[in-house]
Amino acid sequence: MNLQRQPTALRSLGVNARAFSRDFIGYLVLILLLGGMGWIEIVQPGDLSLPKLTGGLLTLDMLTRVGLFTIVLVGLNLLMGYAGQVSLGQAAFYGMGAFFSAILTTRAAALGIPASLSQAWWWAWLVMFAGMLLTGACAYLIGVPILRLRGHYLAMATLGMGVVVYVLLKENLAVPQLNLTGGFDGVHSIPRLRIGDFVIWPVTRYFVLVWFFTFLVIALGLNIVNSRYGRVLRAIHASQSAAESVGVAVHKSKAQIFALSAALASLAGSLYAHFQAAVIPATFGFGESLELVIMSSVGGLASIWGAPFGAFAVLLLKELLRTQLRVVFPGVKGEFEAIAFGVLLIVIMISMPEGLTTGMLKAYRRWRAARVLKQEIAESLEPLGMK
Amino acid sequence: MLRVENVSTFYGEIRALNLVSLTVAPGEIVTLIGANGAGKTTLLNTICGMLKARHGAIYFEDKPISDLGPEAIVGLGVSHVPERRQVFATMSVLDNLLLGAYQRRDPQIGQDIAQAFELFPILKQRQKQAAGTLSGGEQQMLAIARGLMSRPKLLMLDEPSVGLAPLLVCEILEIVADLRRRGTTILLIEQNARAALKVADRGYVLENGHIVLSGTAQELTADEGVQKAYLGKGNRLQLARCRADVERYVCLDDPAVNSCALCPNRNGGNS
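Sequence lines, in order, name chains U and D.
Residues 6 to 392 in my numbering are what the first sequence lists, from first letter to last.
Residues 250 to 520 in my numbering are what the second sequence lists, from first letter to last.
Right, here's the structure in full:
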């Protein structure tokens, strides 16, 4: 994969200038928001805290989850929004990362890994990156045959892959005597991450760690989108046969982006395992894959910045419905959350089919254009003495 | 430069090409004419590697290319401007051109883009616009410009005149002739035989997957069969009046236009 930018001669044509200023605003907004919320929670000025301010709606725990999902979604957006390849099995890679970390940090002794290795502080980090590589390689091998399919067929194939991985996790990878994945109950007592003797816990520290990774991944995503390789992804989306005719190795490029998105999901999965300290297969089933696709579309498929906002919007919405629906409509039962969630999703997709980020940006431009027009009309009428 | 030897290509069990052979020498414009469904596009797609020939061999500069993938064939210097233009509709004109240079890693890409803008000034005006918003003729120009961005030795054009206004057809064909003057060899596929034979040096006539006739452009133009089938000089075809003052056969707006065989813009087959 080649992430090199265009030759300098092209930059003088202003290829990336606009993209850069937009990304700068994105970074600024996200850093200010997160920094502000993190600061309130860590410093707690005047005895204020995030849950207090928002009535228990926003917690650092929830924002950490947003970060984890953002990492997965950046990969998913590159795959679905830019390259146009649907994946309904992304949670499988998320789960592979989570279980890889969980198993190799808790069951190292049973697997015959010497304690001098598995007790070292860097072992968990090594496992995390090995998991990324392994999941990426796995996805590449799966991707070569299934990415030849298009549209619904690809969706079905990825769906099938997700189910296979879920069942493998639930059934102890088909070798019950080792009890690696812990079956339905999953793996517990996963150790916290450490750097030397510095344990990255409580959640305030973990929040910073996760968002450090998230920003790295966002930067990677933006870099890809604005690179030669990003152009290839969009070209494959626009017309596969035309991409072939200009000499793009279409199948290889698709498998590459599939592998990258899987590796990112695996990273998020590992971080999730050390965050929750326990993982169960049920977290990584079809429901989760679907939720990832929902987050991705709500945020905006073809936009890296859609990832954090999509994850945030969906998690916030669910939390809101969970806590507030009963207050507004006394007597409703649990099922109604799902109904209300569905209705809200439909409203979002109808009013902003390109997702929240692009949708709001467009709404703002329309509003500004309307205001300018209104003023021009008023000015043109003024000399006539009309209002 | 390009040698196609006894190539047969199948779609499933249907034989689309039957023992087709042709050659293109360096610096030539060779045209392949034939009606709808004759196999012209199939042949082009087979040469550029998107379809695999079941029998036969294809050589480019004496290297066998029949077993290579499309990306490798582009790398050797064969550029394909696909049928119905196939620009990347959602991407900008500039991005389309940059994608044309996908396999190149040299600092002259910027110069080549400037050159493309010189050749097609309209593209410069529209460089930031999404390619899908261009008119048909502009899209065709973009597709050709994109094909040139890989600095091909051989440029294969698949029906560049389809759906274009007569004057635009002339413009495109003039550009084709101009490209040859700059040293690019061209394989031109056309239904529009009259227009194609005007710029080509040699031609092949493809019918039902067979090459039925080949020769210099003059020979083909003079051939009675070709005249009847593709140039519409037989009695069974209605001749439409073509205005002489606007050069190169712009058909008058008249009901006969649909069956006007003289009009280079005609889309119909050979009946």
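All residues carry an ideal CB built from backbone N, CA and C; glycine is no exception.
Between the CA atoms of residue j and residue i - distance to the nearest angstrom
i      : j      : result
D:D450 : D:S257 : 25 Å
U:A179 : U:I309 : 37 Å
U:L389 : U:E296 : 58 Å
U:G102 : U:S275 : 5 Å
U:G61  : U:V237 : 44 Å
U:L183 : U:W127 : 25 Å
U:I262 : U:I147 : 12 Å
D:T291 : D:E420 : 26 Å
D:E332 : U:R327 : 54 Å
U:I200 : U:G292 : 34 Å
U:C143 : U:E324 : 34 Å
U:K259 : U:I229 : 14 Å
D:A471 : D:T465 : 10 Å
D:Y479 : D:G385 : 25 Å
U:G86  : U:F314 : 15 Å
D:V495 : D:K447 : Legend: pLDDT at D:V495 = 32, less than 50; position of this residue unreliable, value from coordinates given subsequently. Roughly 17 Å separates the two Cα atoms.
D:V499 : D:E408 : Any answer about D:V499 is weak, because its pLDDT of 36 lies below 50 and its placement is not dependable; what the coordinates show is given next. Whole-angstrom Cα-Cα distance: 19 Å.
U:L330 : U:M300 : 21 Å
U:Q380 : U:K367 : 20 Å
U:Y171 : D:F366 : 54 Å
U:D28  : U:V34  : 10 Å
D:E277 : D:G452 : 10 Å
U:V352 : U:L306 : 17 Å
D:A445 : D:G412 : 15 Å
D:G474 : D:I263 : 27 Å
U:G235 : U:A282 : 36 Å
D:R492 : D:L406 : For D:R492, the pLDDT reaches just 31, beneath the cut-off of 50, and the residue's location in the model is therefore unreliable, although a value from the coordinates is still provided. Cα to Cα, D:R492 sits roughly 28 Å from D:L406.
Secondary structure of residue i, DSSP reduced to three states
i      : result
D:Y351 : coil
D:E254 : strand
U:M354 : helix
D:K312 : strand
D:A414 : coil
U:V180 : coil
U:A135 : helix
D:S328 : strand
U:A343 : helix
U:L63  : coil
D:A444 : helix
D:M299 : coil
D:F337 : coil
D:A379 : strand
D:D472 : coil
U:R373 : helix
D:D407 : strand
U:N231 : coil
D:E262 : coil
U:V253 : coil
U:E381 : helix
U:H193 : coil
Contact list for residue i against chain D, beta-carbon separation under 8 Å
i      : result
U:V303 : Per Cβ cutoff of 8 Å: no residues; U:V303 is ~21 Å from chain D at best.
U:S232 : Those do not exist, as U:S232 stays about 11 Å from chain D at its closest Cβ, beyond 8 Å.
U:R239 : F337, T339, M340 and D344
Rounded Cβ spacing between residue i and residue j (contact assumed at less than 8 Å)
i      : j      : result
U:K175 : U:G167 : Actually they do not touch by this definition, with Cβ atoms about 13 Å apart.
D:G298 : D:P275 : Contact doesn't hold; Cβ gap of about 21 Å is too wide.
D:V323 : U:V251 : 7 Å
U:I47  : U:T209 : 5 Å
D:I438 : D:L368 : Incorrect: roughly 21 Å between the Cβ atoms, too far for contact.
Chain-ordered chain U contacts of residue i [CB-CB under 8 Å]
i      : result
D:S399 : V251 and G252
D:Q378 : Within 8 Å Cβ-Cβ: nothing; D:Q378 doesn't reach chain U, min ~14 Å.
D:R395 : V251
Proximal chain U residues relative to residue i, where beta-carbon distance stays under 7 Å
i      : result
D:R431 : Those do not exist, as D:R431 stays about 20 Å from chain U at its closest Cβ, beyond 7 Å.
D:P331 : S246, A247 and S250
Listed by chain order, chain U residues near residue i by CB distance under 9 Å
i      : result
D:V323 : E249, S250, V251, G252 and V253
D:M390 : Those within 9 Å of D:M390 in chain U number zero; the least Cβ separation is about 15 Å.
Partners in chain D for residue i, counting only beta-carbon separations shorter than 7 Å
i      : result
U:T236 : One point to set straight first is that residue 236 of chain U is Arg, not Thr, in the sequence displayed. Per Cβ cutoff of 7 Å: D344, L347 and L348.
U:A125 : Residues of chain D passing the Cβ test: none, with the nearest at roughly 42 Å.
U:S244 : Q335 and F337
Proximity test, residue i beta-carbon vs the ligand FMN heavy atom, cut-off 6 Å
i      : result
D:R354 : Ligands in the displayed structure: none, and consequently the ligand FMN is not present.
**OP:** Report yes or no: do three or more beta-carbon pairs, one from the stretch 430–450 of chain D and one from the stretch 400–407 of chain D, lie closer than 8 Å?
**Re:** Per the Cβ contact rule, the stretch 430–450 of chain D is in contact with the stretch 400–407 of chain D (3 or more Cβ pairs under 8 Å).
Subject >> Contact the stretch 77–89 of chain U vs the stretch 206–226 of chain U: 3+ CB pairs below 8 Å >> reply: Verdict: yes, contact present.
Original post:
Just by C-beta distance, which residues in the stretch 369–390 of chain U are closer than 9 Å to chain B?
Top reply: Protein chains in the displayed structure are U and D, and chain B is not among them.
Original post:
Below 8 Å, can you find three or more Cβ-Cβ pairs linking the stretch 386–396 of chain D to the stretch 329–336 of chain D?
Top reply: Enough Cβ pairs lie closer than 8 Å, so yes.
Original post:
Using 8 Å as the threshold, is the stretch 204–219 of chain U in touch with the stretch 278–287 of chain D, meaning 3 or more CB pairs across them?
Top reply: Cβ pair count under 8 Å is below three, so no.
Original post:
Using 8 Å as the Cβ pair cut-off and three pairs as the minimum, do the stretch 158–165 of chain U and the stretch 86–94 of chain U touch?
Top reply: Three or more beta-carbon pairs drawn from the stretch 158–165 of chain U and the stretch 86–94 of chain U are found closer than 8 Å, and the two stretches are therefore classed as touching.
Subject >> Three CB pairs or more closer than 8 Å across the stretch 68–75 of chain U and the stretch 232–247 of chain U >> reply: Here the stretch 68–75 of chain U makes no contact with the stretch 232–247 of chain U; the two share fewer than three CB pairs at distances below 8 Å.
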